[in-house]
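The next block holds one structure in the form of structure tokens; read it before the comments.
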Amino acid sequence: MRRTETILAIGGAALLVLLAFLAPWLRFVLTIALAKGIAVLGILLLLRAGQVSFGHALYLAFGAYVVAFLAPSSPEALILMPVAMLLSGALGLVVGLFVSRYREIFFGMLNLAISMVFYSLLEKLYHYTKGTDGIRVGVPRFLGMVLERDDFEWAMFATALLLALAIGFFVRLYLASPMGQALSAIKTRETRLEFMGLPARGVLLSAYVLSTLMGGLAGAIIALTTRHVTPLLGYWTVSGELVFIAILGGAGAALGPFLGAVTFELVRVYAAASFADAWQAILGLVLMGVILFFSRGLWGMVESLARKRA
Amino acid sequence: MTTSSSLSRRSVLAGAATSGSLLMAGSGAEAQPAKPAELKIGITTFLSGPASVFGVPAKQAAEMLTDQINAAGGIGGVPIRPIFVDEGPGTEHLVGEFRRLVQSEGVHVVFASISSGSCLACTPLSDELRKTTVLWDCGTQRIFEEGNHPFAFRTQGYGTPEVLAPLLYLLKHKPDFRSIAVINQDYAWGRDSWELWKAGMDAMKPGVRVVAELFPRFNSTDFSTEITRLLALRPDVILSTSWGGELVTLVRQASERRLMERSLMVLPVAEASMPSLGRNMPAGHIIGSRGDHWINHPRPRDKASLDRFTAAYQARFNQPSIYPCHHMAQALSALQAAYNKAIAAKGGGWPNDQELAAAFRGLTFDTPTATITIREDGQGLEDQIVGLSSFSSAYPYAVPEKMMLYPAAGISAPVGQKSVDWLKTLRAGMENTAGSAI
């Protein structure tokens with residue numbers, strides 16, 4: 001299965017490049033999908049520990065607003081992204097120290113509460129954040145070069161794709177490592193983990209901080225791609241969307257989130273294009289179908305296909 | 311990172327299908343284009359969410375008007391086809407849809423957005439994609455005051471005149487008011503409109519006491535605490551730029567508790583909510599309509615045309631044509647005028663994107679009630695009519711009486727000036743010179 005995964009990852013990446021080449025407007029949609037996939041990888045880490053965060057849009061929005069605030073003074077995409085990621089990780093550490101004491105519904109709800117506080121701040125601190133109208137992000141430089149819109153979109157797409165591959169690979173390693181295995185132990189029996197001498201809180205906290213790093217990075221990519229940041233990015237529906245993508249894609253492997261994110265975005269775009277009035281219903285029905293008939297998500301579907309063939 | 315095999319087949323098909331139309335759109339943009347088989351207009355509007363009270367009527371108006379225009383031979387002999395896009399899911403989705411409209415559907419022009427946030431996101435995109443974009447309804451003053459947008463044009467008024475006109479009306483109607491309270495929705499328009507109002511009020515009538523600045527949560531359904539506070543504070547005037555269902559709720563709850571008997575309300579965006587309020591709207595309060603297109607306009611430029619539009623809309627959709635319908639009609643009227651101008655300038659040839667944009671600058675076009683000129687910065691000059699709510703036998707809801715018409719040029723910030731800075735330069739007495747009774 002591990003080899004299949006690698007082959008699928010490379011094949012999928014090639015396919016995305018081909019798609020982006022054939023239909024330039026899809027390049028934008030796919031960049032967003034890849035960014036969301038990166039954020040959902042973080043959700044996946046927490047899901048391994050049996051914890052669902054309903055507030056990870058906080059880190060998405062935080063990363064995006066870091067970009068929006070810093071872009072005028074340092075308009076370099078390759079600096080903005082790691083800065084947004086690290087600051088988001090720092091915020092994640094502070095929040096994580098607190099929420100990692102809680103489990104299950106309390107963990108989920110506390111995350112939700114904190115993310116909604118941040119959302120309200122973005123709306124209320126009108127003179128700094130420009131409220132719901134949001135902040136415009138100018139075209140930043142890339143590697144010091146001033147790029148045309150088309151080239152910049154390609155650069156962002158390529159960056160997102162490479163980061164997705166790299167982070168996907170890292171998550172696979174992490175999940176196979178003792179730290180990753182300990183995450184599953186939190187889900188099955190946390191007490192035993194403690195008896196083995198591993199601090200459950202530390203294990204969860206490190207996964208949480210990793211997930212916030214990914215969330216912040218995803219937010220930065222989204223901000224640099226849409227180039228207009230609004231508080232809506234931090235709303236609870238976006239958090240729900242991330243959890244949903246995780247379930248849709250399947251939590252079994254690092255490929256799942258990207259499978260889910262690309263599917264979600266494409267279904268949404270095509271539903272919106274074909275039925276401007278009723279696209280929500282179409283999206284809902286498609287997603288319900290996937291959940292009902294493939295309970296392990298799209299990745300589960302791929303797995304069973306591969307097993308049949310083997 | 312990857313997609314499943316079944317998905318990839320579908321996606322490749324989709325990609326292949328879109329790339330064909332895309333190539334055509336790309337090659338037609340800069341070169342000398344041939345007359346297209348149809349003129350595609352991408353229209354972004356709210357089809358879901360609370361602002362769909364504006365978005366859906368506007369969409370209906372667009373459908374009705376495109377039918378009428380096509381029945382009369384289209385624009386320059388080319389039939390038009392609107393492609394609607396939902397603004398509801400937010401900016402990130404909308405900017406993707408904007409790209410899809412331009413790069414995949416190959417639209418000739420985009421009508422962008424009700425929400426100011428959407429307009430702020432779409433306008434720079436119009437610069438980059440070099441696609442003429444008509445800002446058909448959004449009101450933020452930030453668009454043309456914070457940047458130069460060669461392909462964007464607004465075919466209606468904007469926040470500054472829409473707030474200043476009711477303020478001038480208030481200064482004339484009740485010059486001795488001493489205290490004011492504001493209750494606006496807590497989002498950009500609610501905050502912006504109060505900032506504009508306060509700048510103008512402090513300049514023209516210094517010393518008015520602001521007794522309360524209330525910004526209840528956006529989409530609130532309960533204003534009882536705010537109303538209690540306003541009842542206790544007894545301000546002479548209460549300003550609210552709220553709209554849609556929220557304004558209906560606010561007025562219902564306020565009039566039930568007799569707040570509107572104590573204080574004079576100023577409601578600059580009232581018109582669209584009047585039909586839903588019906589007789590629940592108290593008479594004698596200041597109401598505006600983001601323009602001059604009141605259904606009972608006493609002397610419109612073309613009365614037959616106004617009556618035809620309102621009657622046809624009422625007959626087809628069984629609803630009154632509220633202001634977004636008029637804004638949509640203005641955008642389509644401007645588009646017709648711009649194409650006619652560009653085609654004439656080219657000696658009958660079909661204009662490319664640059665030539666179409668050039669035609670919009672300085673364009674004057676007709677509306678049923680007046681004519682609108684687009685300034686050199688892209689901002690349209692739409693007159694404002696404000697009046698007092700009143701009832702007659704002609705309409706089952708409140709319409710204005712004692713109307714004042716404010717010509718747009720006098721109440722808009724001049725080109726190159728920021729609205730708030732300009733409003734601070736206004737002086738007392740403007741209320742007597744800026745408008746005239748009609």
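Same order as they appear, the protein sequences are chains A and B.
So in the working numbering, spot 270 of the first sequence is number 270, and the numbers just go up one at a time.
To convert a position in the second sequence, counted from 1, into the working numbering, add 310.
Note that beta-carbon positions come from the ideal geometry of N, C-alpha and C, so glycine has one too.
Just so you know, these numbers come straight off a predicted model, no measurement behind them.
Continuous alpha helix (DSSP H) stretch holding residue i: start and end
i: serine 489 of chain B; result: Not the alpha helix (DSSP H): serine 489 of chain B falls in the beta strand (DSSP E), residues 489-493.
i: glutamine 694 of chain B; result: Here glutamine 694 of chain B belongs to no alpha helix (DSSP H); instead the beta strand (DSSP E) covers 694-700.
i: leucine 435 of chain B; result: 426-439
i: isoleucine 105 of chain A; result: 104-124
i: phenylalanine 264 of chain A; result: 256-274
Whole-Å CB distance - residue i paired with residue j, under 8 Å assumed
i: threonine 465 of chain B; j: alanine 641 of chain B; result: 5 Å
i: glycine 457 of chain B; j: aspartate 502 of chain B; result: Not really, about 17 Å apart at Cβ, beyond 8 Å.
i: glutamate 415 of chain B; j: leucine 404 of chain B; result: No, glutamate 415 of chain B and leucine 404 of chain B are not in contact; Cβ-Cβ is about 15 Å, not under 8 Å.
i: phenylalanine 142 of chain A; j: alanine 77 of chain A; result: 5 Å
i: alanine 57 of chain A; j: serine 115 of chain A; result: 6 Å
i: alanine 498 of chain B; j: glycine 131 of chain A; result: 4 Å
CA nearest to the CA of residue i, picked from the options
i: aspartate 602 of chain B; options: B/Lys441, B/Val492 and B/Tyr633; result: B/Tyr633
i: tyrosine 649 of chain B; options: B/His636, B/Arg671 and B/Asn628; result: B/Arg671
i: leucine 673 of chain B; options: B/Asn742, B/Leu691 and B/Lys613; result: B/Leu691
i: arginine 562 of chain B; options: B/Gly659, B/Ala542, B/Pro545 and B/Met584; result: B/Met584
i: methionine 575 of chain B; options: B/Pro545, B/Asn590 and B/Arg600; result: B/Pro545
i: phenylalanine 98 of chain A; options: A/Glu104, A/Gly89, A/Ile105 and A/Leu110; result: A/Leu110
i: methionine 374 of chain B; options: B/Tyr707, B/Ala639 and B/Pro346; result: B/Ala639
i: phenylalanine 62 of chain A; options: A/Ser88, A/Gly55, A/Ala49 and A/Pro82; result: A/Ser88
i: threonine 355 of chain B; options: B/Pro346, B/Phe421, B/Ala344 and B/Asp377; result: B/Phe421
i: valine 209 of chain A; options: A/Met85, A/Leu233 and A/Leu30; result: A/Met85
i: valine 412 of chain B; options: B/Lys441, B/Leu587, B/Gly657 and B/Ser643; result: B/Lys441
i: valine 94 of chain A; options: A/Leu292, A/Tyr174, A/Arg149 and A/Ser206; result: A/Ser206
i: glutamine 280 of chain A; options: A/Trp25, A/Ile186, A/Phe195 and A/Phe264; result: A/Phe264
i: leucine 80 of chain A; options: A/Ala68, A/Leu91 and A/Ala90; result: A/Ala68
i: serine 73 of chain A; options: A/Met196, A/Phe170, A/Thr31 and A/Pro140; result: A/Pro140
i: serine 746 of chain B; options: B/Leu616, B/Leu478 and B/Ser586; result: B/Leu478
i: arginine 2 of chain A; options: A/Met288, A/Glu190, A/Gly50 and A/Ala176; result: A/Ala176
i: valine 243 of chain A; options: A/Leu8, A/Gln51 and A/Phe21; result: A/Gln51
i: glycine 739 of chain B; options: B/Val547, B/Leu480 and B/Ser586; result: B/Leu480
Sequence-distant residues of its chain with Cβ nearer than 6 Å to residue i (five each side left out)
i: tryptophan 504 of chain B; result: Val492 and Asn494
i: serine 700 of chain B; result: Ala593 and Glu711
i: glutamine 689 of chain B; result: Phe454 and Arg464
i: valine 521 of chain B; result: Ser489, Ala491, Leu543 and Pro545
i: phenylalanine 275 of chain A; result: Ile282
8 Å Cβ cutoff met for residue i and residue j
i: histidine 637 of chain B; j: aspartate 447 of chain B; result: yes
i: valine 229 of chain A; j: alanine 64 of chain A; result: yes
i: valine 363 of chain B; j: glycine 555 of chain B; result: yes
i: arginine 572 of chain B; j: aspartate 676 of chain B; result: no
i: aspartate 486 of chain B; j: arginine 527 of chain B; result: no
i: glycine 386 of chain B; j: glycine 134 of chain A; result: no
i: alanine 273 of chain A; j: isoleucine 282 of chain A; result: no
i: valine 302 of chain A; j: valine 286 of chain A; result: no
i: isoleucine 393 of chain B; j: isoleucine 353 of chain B; result: yes
i: tyrosine 707 of chain B; j: methionine 570 of chain B; result: no
i: arginine 192 of chain A; j: alanine 185 of chain A; result: yes
i: glutamine 694 of chain B; j: alanine 718 of chain B; result: yes
i: tyrosine 59 of chain A; j: glycine 215 of chain A; result: yes
Contacts around residue i, its chain only, beta-carbon distance under 7 Å, and the 5 residues preceding and following it disregarded
i: alanine 246 of chain A; result: Val40, Ile43, Leu44, Leu47, Pro257 and Gly260
i: alanine 253 of chain A; result: Glu5 and Trp299
i: glutamine 370 of chain B; result: Phe627
i: valine 388 of chain B; result: Lys345, Pro346, Glu348 and Leu349
i: leucine 435 of chain B; result: Val405 and Phe408
Neighbourhood of residue i by C-beta, 8 Å cutoff - its chain only, sequence neighbours within 5 removed
i: valine 473 of chain B; result: Ser503, Leu506, Trp507, Gly510, Thr551 and Pro578
i: leucine 18 of chain A; result: none
i: leucine 733 of chain B; result: Thr470, Leu474, Leu506, Ala509, Gly510, Ala513 and Ala723
i: serine 425 of chain B; result: Phe356, Ala361, Glu397 and Cys448
Residue interval of the beta strand (DSSP E) (run including residue i)
i: aspartate 687 of chain B; result: Run containing aspartate 687 of chain B: none; DSSP gives neither H nor E here.
i: glutamate 148 of chain A; result: Per DSSP, glutamate 148 of chain A belongs to no beta strand (DSSP E) and is neither H nor E.
i: phenylalanine 463 of chain B; result: 462-464
i: isoleucine 390 of chain B; result: 390-396
i: isoleucine 453 of chain B; result: Element bounds for isoleucine 453 of chain B: not the beta strand (DSSP E) but the alpha helix (DSSP H), 452-455.
i: glutamate 711 of chain B; result: 709-716
i: glutamate 5 of chain A; result: It is not in any beta strand (DSSP E) - glutamate 5 of chain A instead sits in the alpha helix (DSSP H) that spans 2-22.
i: methionine 575 of chain B; result: 574-577
i: glutamate 190 of chain A; result: Where glutamate 190 of chain A is concerned, there is no enclosing beta strand (DSSP E), although the alpha helix (DSSP H) it sits in stretches over 190-195.
- Message: If the cut-off is 7 Å on Cβ atoms, which residues from the stretch 432-451 of chain B count as contacting chain C, listed in chain order?
- Response: Given the protein chain composition of this structure (A and B), no chain C is represented.
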